[in-house]
Every structure is written in structure tokens, then in C-alpha cells.
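Reviewing the structure listed below.
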Amino acid sequence: MAAKKTFGKLQIRPFSIRYIAPARKVLFELIDLTYAAAGKDVRDGFKNVYDEARFEKMFAQKNGVNYVMFDGEELIGVAFGWHYGGRGNLHWVGVKKGYRGIGLTTHLAKKLIQDMRRRGAFKIELFVPYTNKRFISIFHSLGFSEKTRLEKDKFGYNLTYLVKRLRKPTVHEATKRIKIIGTGGQGVKLFARILAKILSSLGYYVSLNLNYDSAVRGGDICADFIFSEYPIDSPMIAVADIVVDLEGGHEDDIHAKEVIVEHESGSSPKRIMYHQGNILFTEMPIKNIAHTQFGSPVYVNMLALGSVLRHIGINIEALRLEKQLPPKYIETNIQAIKYGFTYHG
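As C-alpha cells, this is what we get:
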């Protein structure tokens with residue numbers, strides 16, 4: 010079908026939950042186009058992340074940067090992204106068949122870039138299959154450059170990791186510190202090592218320090234994890250950007266900007282957010298979810314990993330994580346990561 014020569018009134022609007030149904034249709038068309046060479050199982054894996062309930066929850070979050078494009082009253086394009094800590098990530102940008110090849114994808118991408126710049130982003134990144142030359146060309150024209158290629162043996166298919174620098178970040182902006190607290194058997198080491206593999210593959214400097222004799226009250230294991238645009242001077246963390254407390258009960262010992270903490274929730278899992286002083290606490294019923302959704306407490310680490318990846322803006326939808334996971338219970342681990350990534354309570 011040739012591109013339309015006449016249009017109604019083209020508009021870009023902020024995403025709203027009332028647009029979920031038509032936006033999903035356009036998104037699924039984009040998934041089929043972008044990953045046409047990757048196989049139906051890959052495309053279905055992307056689509057399964059976006060059932061209507063999770064779609065609504067994901068786009069209610071404050072760090073989302075999401076727009077839709079209309080031709081009159083017809084939704085024809087989507088632009089979905091995420092901003093956290095100075096980093097922007099473009100997840101999906103594009104228009105439906107019949108509207109391609111006339112600059113509308115570029116127009117949507119510029120809107121996301123403009124919004125992320127306004128929010129203080131120092132860089133914007135995205136993943137594209139490196140067989141998709143048209144899409145790569147669009148983003149090269151917008152000032153993106155290839156930072157690295159992620160080969161199939163690392164993430165399941167060949168990806169180009171593209172980055173647009175908006176400004177030079179300070180060392181403080183470019184460095185994120187994550188502290189993971191847990192007890193024996195909760196998989197703190199695995200959590201931290203998978204996170205390290207993912208971020209080092211993306212070209213970040215990474216530091217991981219495991220403390221088995223933790224001074225944190227009640228914790229058997231504490232992992233200090235740092236990733237940065239710059240070489241890391243010290244592997245130790247005094248004040249973390251994010252603390253993940255898999256067991257709960259360490260609130261008085263925590264020095265952080267944001268805390269993701271386990272809380273008991275009974276039979277109705279909910280996500281609770283509140284401030285205590287200058288710290289933002291996000292209480293998640295991680296153990297409850299592990300039991301009710303996955304049948305075992307061993308998945309608390311993968312649920313929390315998904316939540317952290319979402320917080321720091323790593324688009325797991327573009328990564329085949331089975332290449333980074335141990336083979337035992339691999340499918341359930343992947344599902345737990347995705348659940349944590351999209352969980353909003």
C-alpha cells in the first residue's frame with residue numbers, strides 16, 4: 010500500500026489509557042515489522058509483555074515518556090520511552106502501514122527526544138536489529154551513533170545499540186550505585202552478576218563488591234554494584250541511588266535516594282510508594298508474588314532484577330535474556346524478570 014497523499018489533521022498527543030486498544034494494534038504491527046527476521050516466537054514474546062492490564066500499568070508510571078500520533082481521529086503512530094537519572098531510552102517508535110516513508114517516525118522520535126532533553130537527559134539510547142537498515146538510517150539522521158553491537162550469542166539475536174549524546178554528564182550523573190541486600194538462598198550473587206553482564210555488554214564500566222559478612226543488620230549478603238560512563242574509582246558505596254532489600258527490615262540502616270523493599274501483603278499484592286525523609290520507598294510484595302505467580306520463593310531475585318532494570322531504563326523487551334541466565338528453570342526466570350519489569354501493583 011502506497012503512502013497516503015492526503016491527511017486529516019495530524020496531531021501528537023500524550024498517551025492516555027483510552028488509547029490502549031488502537032495503540033496496541035499499531036505497536037504489534039511495529040513488532041512484526043521490526044523483528045520480521047527474528048521468528049514468530051520472538052515477536053510473540055514481545056507482544057506477550059503488552060497485555061492490556063500490564064500496558065495500562067506500565068504507562069501510568071511517572072518515568073514513562075509516551076506519545077501517540079493521530080490522523081484526524083485515527084491513531085496511526087506510537088512513541089514509547091523511559092527516562093531515569095539522566096538516561097533516556099526509546100522503546101518503540103513508529104507508524105502504521107500506509108504512513109511510512111514520509112517522515113512521521115522521525116517526527117515522533119523528535120518529540121521524544123525533545124521531552125527527554127527537557128527532563129534533563131544527557132543521553133538517549135535504543136536497540137535496533139542490525140538487519141533493520143531503514144530504522145538505523147532514521148536514527149543516524151537524528152544524531153544517534155552506534156556504540157556497540159550485541160551479537161546473537163549474547164542476547165539471542167543481533168542488535169545495534171544506538172546512543173545520542175545530548176550533553177556531557179558530570180561523573181555524579183553518569184554513575185549509578187545500587188546496593189542489594191538479602192539473605193542466603195535469595196540469589197543476591199546471581200542478581201548482581203546478571204546485572205553486571207547486561208550493563209558491561211552495553212559498554213558501561215561496572216564494579217561489583219560482595220560482602221558475605223554484612224554489617225547491615227540481619228543481612229547475610231550485601232552486593233555493592235556500580236555502573237558508570239566513566240572509570241570507577243572505588244567499589245564501595247556510602248550512599249546508594251537504589252537499595253534493593255529482598256528481606257525487608259533494614260529501613261533504619263539504609264542510606265539511599267530510593268529503596269525497593271520487600272513487604273508482607275497477605276493475599277492481595279499491592280505496590281506502595283511513600284517518602285520517609287528524603288528517601289522514596291517502593292514496597293513490593295516480592296515474596297508473595299514469587300509464591301503466588303511462580304510457585305517458589307527462589308524467584309524473588311529475578312522479580313527484583315526486573316524492577317531494577319525498569320528503574321534504570323534498560324529495555325529488556327529488546328534483549329533475549331536467556332543468554333544471560335543459567336539454564337536451570339530458564340523460562341520461569343525470564344517470566345519472573347518480565348513480571349518484575351512490568352509490575353505496578
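Each residue of the sequence shown is one higher than the last, beginning at 10 in this note's numbering. All C-beta atoms, glycine included, are put in the ideal place defined by N, C-alpha and C. Computed from a predicted structure; not experimentally measured.
Nonlocal neighbours in the same chain, by C-beta distance under 6 Å from residue i, ignoring five residues either side
i: N72; result: W91, H92, Y93
i: I85; result: M78, V104, K105, Y108
i: F144; result: V137
i: Y308; result: A299, A345
i: D250; result: K185, R186, K266
i: E340; result: none
i: A224; result: With a pLDDT of 48 at A224, under the threshold of 50, the predicted position of this residue should be treated as unreliable, though the coordinate-derived value follows. For A224, where only same-chain residues beyond five positions count, there are no Cβ hits under 6 Å.
i: R174; result: K132
Contact belief for residue i with residue j at Cβ below 8 Å, rounded distance in angstroms
i: M311; j: G257; result: Not quite, the Cβ-Cβ distance comes to about 18 Å (not below 8 Å), so this is no contact.
i: Y214; j: I241; result: 5 Å
i: E134; j: V172; result: 5 Å
i: L211; j: Y170; result: 6 Å
i: V252; j: I263; result: 5 Å
Nearest candidate by alpha-carbon position, reference residue i, set the options
i: N342; options: I321, H320, P306; result: P306
i: G95; options: A345, K185, K266; result: K185
i: I323; options: K49, V77, H100; result: H100
i: A232; options: L208, T140, L204; result: L204
i: V248; options: V317, H272, I189, F148; result: I189
i: R176; options: V270, A130, L117, I29; result: A130
i: F303; options: R127, D250, I346; result: I346
i: L255; options: H149, F234, H272, T140; result: H272
i: L121; options: K206, Q333, K266, R22; result: R22
i: E83; options: T114, L19, I339, A118; result: L19
i: K142; options: L219, L42, S216; result: L42
i: L219; options: A201, I207, K206; result: A201
i: F89; options: R126, F24, S216, A47; result: F24
i: H181; options: K206, K156, Y239; result: Y239
Own chain, CB closer than 8 Å to residue i, minus 5 neighbours either side, in chain order
i: I26; result: E65, F68, A69
i: Y221; result: D229, I230
i: R158; result: Y139, N167, L168, T169, Y170
Residue burial classification, residue i (beta-carbon count within 10 angstroms, cutoff 16)
i: R319; result: buried
i: D60; result: exposed
i: K337; result: exposed
i: S243; result: exposed
i: Q195; result: buried
i: S150; result: exposed
i: N297; result: buried
i: S209; result: exposed
i: S316; result: buried
i: S237; result: buried
i: N98; result: buried
i: P294; result: buried
i: D80; result: buried
i: Q123; result: exposed
i: Y352; result: buried
Cutoff 7 Å; reference residue i; Cβ partners in own chain excluding five residues on either side
i: S276; result: Residue confidence is low: S276 scores 42 on pLDDT, short of 50, so the model does not pin down where it sits. Its coordinate-derived value is still stated next. Taken in chain order, the list of residues that qualify is empty.
i: L36; result: Y59, V87, W101
i: T179; result: none
beta-carbon residue i near the ligand PLP non-hydrogen atom, thresh 7 Å
i: K119; result: The model depicted lacks the ligand PLP and carries no ligand whatsoever.
Give, in chain order, every unbroken run of the beta strand (DSSP E) that is at least 3 residues long and sits entirely within the segment 89-137. Qualifying beta strand (DSSP E) stretches, in chain order: 96-104.
Uninterrupted alpha helix (DSSP H) stretches inside the segment 281-321 (no shorter than 4 residues): Annotation note: the segment 281-321 contains the following uninterrupted alpha helix (DSSP H) runs of length 4 or greater, listed N- to C-terminal: 295-303, 309-321.
Which residue spans inside the segment 23-78 form an unbroken alpha helix (DSSP H) run of at least 4? If we require 4 residues or more, the alpha helix (DSSP H) runs fully inside the segment 23-78 come out as 29-43, 49-58, 61-67.
Would you mind listing the alpha helix (DSSP H) stretches within the segment 186-267 that are 4+ residues and don't spill past its ends, in chain order? Listed in chain order, the complete alpha helix (DSSP H) runs (minimum 4 residues) inside the segment 186-267 are 197-210.
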